[in-house]
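Per our numbering, the sequence shown runs over residues 45 to 1246.
Here a beta-carbon is modelled for each residue, glycine too, at the ideal position from N, C-alpha and C.
The structure displayed is predicted, hence computed values, not measured ones.
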Amino acid sequence: MMVPTIFFFLQFSTLLYLSTVSFASTEEATALLKWKATFRNQNNSLLASWTLSTDACRDWYGIICFNGRINRLNITNVGVTGTLYDFPFSSLPFLEYVDLSMNQLFGTIPPELGKLTNLVHLNLSINQISGSIPPQTGSLTKLETLSIFDNHLNGSIPVEVGKMKSLEVLTLESNNLFGPIPTTLGDLTKLKVLYLYSNQFSGPIPSELGNLKDLTDLELSHNHLSGSIPTVVGDLTKLKSLYLHSNQLAGPIPSELRNLKNLNDLALSHNQLSGSIPTVVGDLTELKILYLHSNQLSGLIPSELGNLKKLTDLALSDNQLSGSIPIAVGDLTELKSLNLYSNQLSGLIPSELGNLKKLTDLSLSDNQLSGSIPIAVGDLTELKSLYFYSNQLSGLIPSELGNLKKLTDLSLSDNQLSGSIPIAVGDLTELKSLYFYSNQLSGPIPSELGNLKDLTALELSDNQLSGSIPIAVGDLTELKSLYLYYNQLSGPIPSELGNLKDLTDLELSDNHLSGSIPTVVGDLTKLKILYLHSNHLAGPIPSELGNLKNLTDMDLSGNQFSGSIPITLSYLTKLKGLYLQFNQLFGPIPSELGNLKNLTILVLHANQLSGSIPITLGDLTELKILYLSSNQLSGPIPSDLGKCKKLIDLRLGRNNISGSIPPEIGKVQGLQGLFLSSNHLIGQIPKEFGKLTSLVDLFLRNNNISGNIPEELGSLTKLESLDLSNNRLNGSIPMCVGDFVHLFQLNLSNNKFSQKIPKDIGRITHLSVLDLSHNLLDGEIPIQLASLLDLSNLNLSHNGLSGHIPEEFESLTSLQDVVLSYNELEGPIPNNKAFTNASLKGNKGLCGNLTGFLPCEKPSSHSIAKRRKLILIILLPVMGALVLLCVFLGVLFMCDKKRRAKDVERRNDDGWLSISMLDGKALYRDILNATEEFDATFCIGQGGHGSVYKVNLPSLGTIAVKRLHSSFENTHPKSFMNEVRALTGIKHRNIVNLYGYCSHVQHSFLVYEYMDRGSLSFVLSNEVESKKLDWLKRVNIIKGVAFALSYMHQDCSPPIVHRDISSSNVLLDSEYEARVSDFGIAKLLKPDSSNCTALAGTYGYVAPELAYTMKVTPMCDVYSFGVLALEIIKGKHLGEYITVLANSSTIDRVQFSDLLDERLPYPEDEVKEVLDFIIKIASSCLVETPKSRPTMQFISHKLSTM
């Protein structure tokens, strides 16, 4: 009986257990089905098995049970669209494994997640989950893997995560998590993988991470982490990958990283790390990837890196590394990628790099490497990209490069490579880009380049290539950009270029190409840029160019095109810039050009265009520049141009335009330049011009304009040039001209102005040219004109002026050309150099010690006595009052005497002249004696900082002493003395020697060497001296200035920015060698200094950005150099022409002969070529964007190779 009873009991127990299990799994299944019911795609085919009619443990997709309870849920990548809000957390207590990754889950993570206390693995990655990580996650103490990467999580990591002691893998990357990395992560001592990259974490890397001794992978990249790399990272000895790149980490690379012997990947790039690369990095012999690029690392590349035999990728680019490339790099035979570009590396390229047979990418560009390209580079047959551009490499391009059959990208541009392009380059049939521009390559373009069928970019510009463009270029049917400009190519443009259907950029400008434009160019319908300017192309402009519907810029200027402008150009509705100037085009301007609604620049000047200006040009509402000058246009100026609200430069001069100036022009309030000279305009100057408050240049000369100058023009306070000469203007010159405080040139000559010269003109402190000649002016010359310290040209001739020439004109040391003839002036001629050669004839009463004039009479004894009597009558009462005042002031003076005496004594002790090897006190006295306490008779020049005196001393010979204005260094005497002490050490053959300085209580001055021939400005303005300055001398002067500025910018430490380069600050020695002067007043800049200052420099030479940024940079000197170089070639400052050249962004749009000094014979071919090169260099200095200008180092290098 006992056995049946036991058997029955066992049966009953089994049935009871099975019924309990069945009930439990049914409850879990029901709960999951309720969650599924919330999905937006409930009919998901992969979850079709989820029904109550099937067994959840046996039949449901993604479900695995243990002992009848759901244990694993894996529905990764099944396309679920829903949330976790209704997930049955409480109903699945035995759940250990959950993977819901790669779905479309959204919403937040519910805090009920913490109820799955048996969970070992949780993966919610690659969804659209948002919100923060709930703190309840810390309850999952059995969890070993937590992956929620690639979602939209935000907020910080809860500190409770540190309670998950079993965690081995934590991946939260690619979210929007922010805040600091919790220190509690250091409690997860079993952690092996920690990925937090691509978030917004900030603050330092916690040193507590040093506790994670089992960590093999640490990735914190692409955050905002700051501070230094903790030295405790060196304790993570099991680490195989360490990615900290793309943060804001600073400080040195810790030498403790040497302990990471198992490290395979080390990425610290894109931070602000400084210091040198630790030599101990060479101990990480398991390293395969080393990324240290884009930091601020300096010093040498350690030769110990040669120990990293397993290295496949080495990137040290974009740092400040110097020295040579270690030969030991040639031992890294597993290397596939070597990037050292954008550093300061110098020396030769090691031939040992030829050992790196597995190398696929080699970039050494943007350094200072020199010498030739090693032939051994041709052994790197696995190479796909080779970048050596922007170095100082010279010699030939090795033909061995033809062995690199797998090469896709080759750039050797911006070096000094010479010789011809090797034919073997045509063997690189995988090549997609070929850049050889800005070298000294010569000879023809090899026809073998036609073999490069996959080529998309071919850039050979800025070389000395000759011959014709090979027909074979037409076989490069994948080509998108073809740049051959700035060469000496000749012959016709091949019609085969019509095969390049994918071409977007075609630039063949600045060559000697001839013939017509092939009509097949019109088949290049993807073309965006077409530059053919500055060639010898002729014939009509093909109407087929109208097919280039994607064209944005077309420049055909500087050729010999004839015929009319094709109407089909109006089809180019995407066109932004159209340049057709300096051709022989005739006929009317097509009214259809008004369809080009995106046009911003229309330049048609210097042709033979006729007819009226189309009214439809007023429809070009995006237009900024309109140049129609130097044509044969007639009729009125269309009032519709007033609709071009964005116009900044309008030039219609030198035409046959008639009628009055439309007042609607006054609506173009952004206008900066208005040039209407040399037409047949009548009527008055519209008062509406007063609204053009941005106007800088206004030229209306050589017309028939009448009436008064409107008072409304007084609003034009930004004017720099105003020329109304050769018109019929009358009335008085309005006082409002004194409001033009930025005016450089004022020309009102050849009109009918009457009455007196307004004394307000004396307020125009920057005025350099003043011409009021050939009017009906009367009265005296205002004494206020003596305030115009920058005045160089003064013409008041052919008026009715009377009285004396103000003796204060003697202080105008900038005066070079004076014309006061045919007036009624009398009295003494001022003692000023400019008056020595002045035109003064036609005045009856002038006297002085000049040829053709009587000496001035001394006043008679009778008149002297009478004058003295009058003076006594006036002075006696005044003197009585002064005596009483002096008694009162004397008491105050005695009280202050002792204090002031002590201060003077202290300054006398500290302020003696400092010149090496000489007695400062004695020399100070010698200079005072030699100049008779700086008497004006010894003054040879005057500038903004002080006066210059010629001094003859027994100890130094002839020297130049610049006595500074009393306020110059008083504000910061210590900094002034420190700066000048530093400058006395500057020695360069093209810089005037600064011998010493004095900062004394009575006088402050600088002592320079004396230059025999004076300033370049004086020589250029002197008819006799300027002719001695032949073309070769002028070229050498330009070179000298370039060498001096390059030395100041690059070789001085800290660098020196001159700030005031002009012809007045370039002196010439007896051999016409250029010496840059006045640099002693320049600011010393550190390279990273944001040197904000008051607007400095000489008007006409100042870089445009200085007016609004007030920030002095070396690029300011570069701009001034460009202006000066053109002035030396032209023989005078180009004035308004600088604006033309700057606005058109290139000087080569102007005829060569227009830029030459007419006083010299036309240059021979060889010299002409040099001058043409200098003009191009100078033009690049004038571009508006400072970053686009060349450096003085680049310019001096280019000039030194001529």
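Alpha carbon to alpha carbon, how far is residue j from residue i? Give it in angstroms, no decimals.
i     : j     : result
I681  : G703  : 7 Å
K994  : F978  : 10 Å
F138  : D130  : 18 Å
E522  : K476  : 9 Å
G1124 : L1038 : Because the pLDDT at G1124 is just 47, under 50, the model does not fix this residue reliably, and the value given afterwards should be weighed accordingly. Going by the C-alpha atoms only, they are around 8 Å apart.
F67   : E140  : The pLDDT assigned to F67 is 41, lower than 50, so where the model puts this residue is not dependable; a value taken from the coordinates is nonetheless given after this. Near 20 Å, if we compare the C-alpha coordinates of E140 and F67.
G206  : T227  : 8 Å
L117  : I173  : 18 Å
E71   : G112  : 12 Å
S69   : T233  : 37 Å
L581  : N531  : 15 Å
P584  : D815  : 44 Å
I201  : P248  : 15 Å
K524  : L211  : 54 Å
N543  : F1196 : 35 Å
I333  : L310  : 6 Å
V1051 : N973  : 15 Å
D546  : V1211 : 41 Å
G1084 : S674  : 36 Å
H1102 : L1089 : 8 Å
L600  : D554  : 11 Å
Can you have a look at residue i and say buried or exposed, based on whether 16 or more other CB atoms are within 10 angstroms of its CB?
i     : result
C900  : exposed
T377  : exposed
I918  : Model confidence at I918 stands at a pLDDT of 48, short of 50, so the residue's coordinates are unreliable; what they give is reported in the following sentence. Answer is exposed; the Cβ neighbour count stays below 16.
I1082 : buried
F788  : buried
A81   : exposed
M1246 : exposed
S425  : Checking the displayed sequence, the identity of residue 425 turns out to be Thr instead of Ser. Label assigned to T425: exposed.
N893  : exposed
V1167 : buried
H724  : exposed
V325  : buried
L96   : exposed
Measuring CA to CA, which of the options is closest to residue i?
i     : options                  : result
F222  : I513, H268, L403         : H268
W1075 : T548, L1204, Y575, S812  : L1204
D405  : P296, G679, R113, L382   : L382
N819  : N771, S858, I585, D804   : N771
Q412  : S1244, L1243, Q1237      : Q1237
E1228 : D1216, C1160, N447, L864 : C1160
S338  : Q292, S299, G374, L845   : Q292
G844  : I827, S855, L864         : L864
Q628  : S858, E1069, T612, L653  : L653
Assuming residue i and residue j form a contact by the criterion Cβ under 8 Å, report the distance between their Cβ atoms to the nearest whole angstrom.
i     : j     : result
S738  : S769  : In fact, because the Cβ distance is near 23 Å, the residues do not count as touching under 8 Å.
S265  : L288  : 6 Å
G697  : F719  : 5 Å
P1099 : M1092 : 7 Å
L643  : L619  : 6 Å
A650  : F630  : 12 Å between Cβ atoms; not a contact.
H786  : E764  : 5 Å
I want to see whether chain C comes within less than 8 Å of residue i, judged by CB atoms only; does it?
i    : result
L190 : Protein chain content of the structure displayed is limited to a single chain, and chain C is not contained in it.
- [ ] Give a yes or no on contact between the segment 1044-1060 and the segment 1220-1231, applying the rule of three or more CB pairs nearer than 8 Å.
- [x] no
Open item on the list: Assess contact between the segment 440-459 and the segment 389-396, defined as three or more Cβ pairs (one per stretch) separated by less than 8 Å. Is contact present?
Closed with: no
Task: Cβ pair count under 8 Å reaching 3, the segment 142-162 against the segment 177-187 - done: yes
Open item on the list: Quick check: the segment 622-639 against the segment 586-594, are at least 3 beta-carbon pairs closer than 8 Å?
Closed with: no
Open item on the list: I'd like to know if the segment 752-763 and the segment 799-813 are in contact, where contact means that at least 3 CB-CB pairs between them fall below 8 Å.
Closed with: no
Open item on the list: Check whether the segment 447-463 and the segment 479-496 touch, using three or more Cβ-Cβ pairs below 8 Å as the test.
Closed with: yes
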